[in-house]
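Everything in the sequence shown is counted per numbering that gives the first Met the number 0, starting at 0 for the first residue and increasing by one. For every residue, glycine included, the Cβ atom is placed at its ideal position computed from N, Cα and C.
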Amino acid sequence: MNILVIGATGTIGKAVLSALSPNHHVISAGFNSGDVTVDLSSKASIKDMYKTVGRVGAVVSTAGLGNFGSFSELDDAAYDLALKNKLMGQINLVRLGRDHVENGGSFTLTAGTLSRQPMPGSVVLSMANGALESFARSAALELDQGHRLNTVSPSFVKETMEVLGMDPTPGLSAADTAKAYVAAVEGDMTGKTLDAQDYAGGTNSRV
Ligand SMILES: NC(=O)c1ccc[n+]([C@@H]2O[C@H](COP(=O)([O-])OP(=O)(O)OC[C@H]3O[C@@H](n4cnc5c(N)ncnc54)[C@H](OP(=O)(O)O)[C@@H]3O)[C@@H](O)[C@H]2O)c1
């Protein structure tokens with residue numbers, strides 16, 4: 000299957016690319032590099048990407064910007080970034096991609112466990128993640144052409160924790176996180192949130 004991975008140059012995206020590559024042809028998209036470049040915050044850029052890539056069997060997004068920040072200090076720009084990039088950017092991948100995905104194909108977006116397990120400083124990310132899960136759950140009911148739509152909910156990734164100077168012990172590796180994306184692409188679920196922890200062992204206990 001031809002699979003377009005947006006965010007393929009990132010921490011999770013690189014692992015998803017590696018996990019999908021043995022069995023699929025992966026087209027990588029990133030902001031600065033990749034087979035194609037795209038700016039998720041621009042509908043024109045997303046349209047250009049789809050025009051360049053043509054039809055694919057699946058679209059996977061491991062992109063989406065949003066920052067941590069304390070509630071009392073979050074300004075309009077912090078909300079705008081998460082809303083325009085992580086939330087609407089990924090929603091627009093589905094809205095603008097429907098004619099570029101083959102019958103029976105799928106969209107997989109990235110949310111995150113902060114939607115259900117918030118922490119101080121996670122307000123805008125928790126907001127965007129929760130909205131993405133709800134979007135996928137509801138839009139999946141109306142997609143035609145047999146298209147499926149799911150979100151993956153990663154927990155903190157070990158490699159990211161290391162970069163942030165945190166103890167990575169409680170995290171999930173990017174390689175283990177990638178297993179949920181493979182399950183979303185190769186499975187038959189739709190409208191679901193796939194918790195990366197549930198797929199890390201290679202099983203999918205919730206499906
Ligand atoms: N890492 C974690 O611990 C963790 C946990 C839960 C959820 N998540 C979520 O998982 C997703 C990926 O996280 P990550 O840590 O793998 O991110 P990352 O390492 O920072 O990688 C981000 C990827 O997105 C691309 N990108 C950046 N800005 C973009 C834009 N405007 N348009 C299109 N692509 C853009 C980057 O491309 P370039 O490399 O070309 O700039 C890169 O491929 C995010 O939605 C994040 O919130 C991450």
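- The region 24-43 and the region 83-98 touch, with no fewer than 3 CB-CB distances between them shorter than 8 Å.
- Only residues of its own chain outside the window of five on either side were considered, and among them Ser-152 and Ser-154 have a CB closer than 6 Å to the CB of Thr-112, listed in chain order.
- Taken atom to atom, the span from the alpha-carbon of Ser-60 to that of Val-4 is near 6 Å.
- Taking the Cβ of Lys-85 as the reference point, at least one heavy atom of ligand 1 falls within a distance shorter than 7 Å.
- Under the DSSP assignment, Val-184 falls in the alpha helix (DSSP H) whose first and last residues are 173-185.
- Three or more beta-carbon pairs drawn from the region 184-195 and the region 133-143 are found closer than 8 Å, and the two stretches are therefore classed as touching.
- As a beta-bridge residue in DSSP terms, Ser-27 pairs with Val-4.
- Judged by DSSP in its simplified three-state form, Asn-84 adopts helix.
- In its chain, beyond the 5 residues on either side, Lys-42, Ile-45, Lys-46 and Tyr-49 have a beta carbon closer than 7 Å to the beta carbon of Leu-95.
- Ser-105 is not a Cβ neighbour of Gly-129, given a cutoff of 8 Å.
- At the C-beta level, Leu-16 and Ser-27 come within 8 Å of one another.
- Exclusion of Leu-16 from the 7 Å shell around ligand 1 follows from its C-beta lying no nearer than that to any non-hydrogen atom of the ligand.
- Rounded to the nearest angstrom, the gap between the Cα atoms of Val-162 and Gly-170 is 12 Å.
- For Arg-147, DSSP records a beta bridge to Ser-105.
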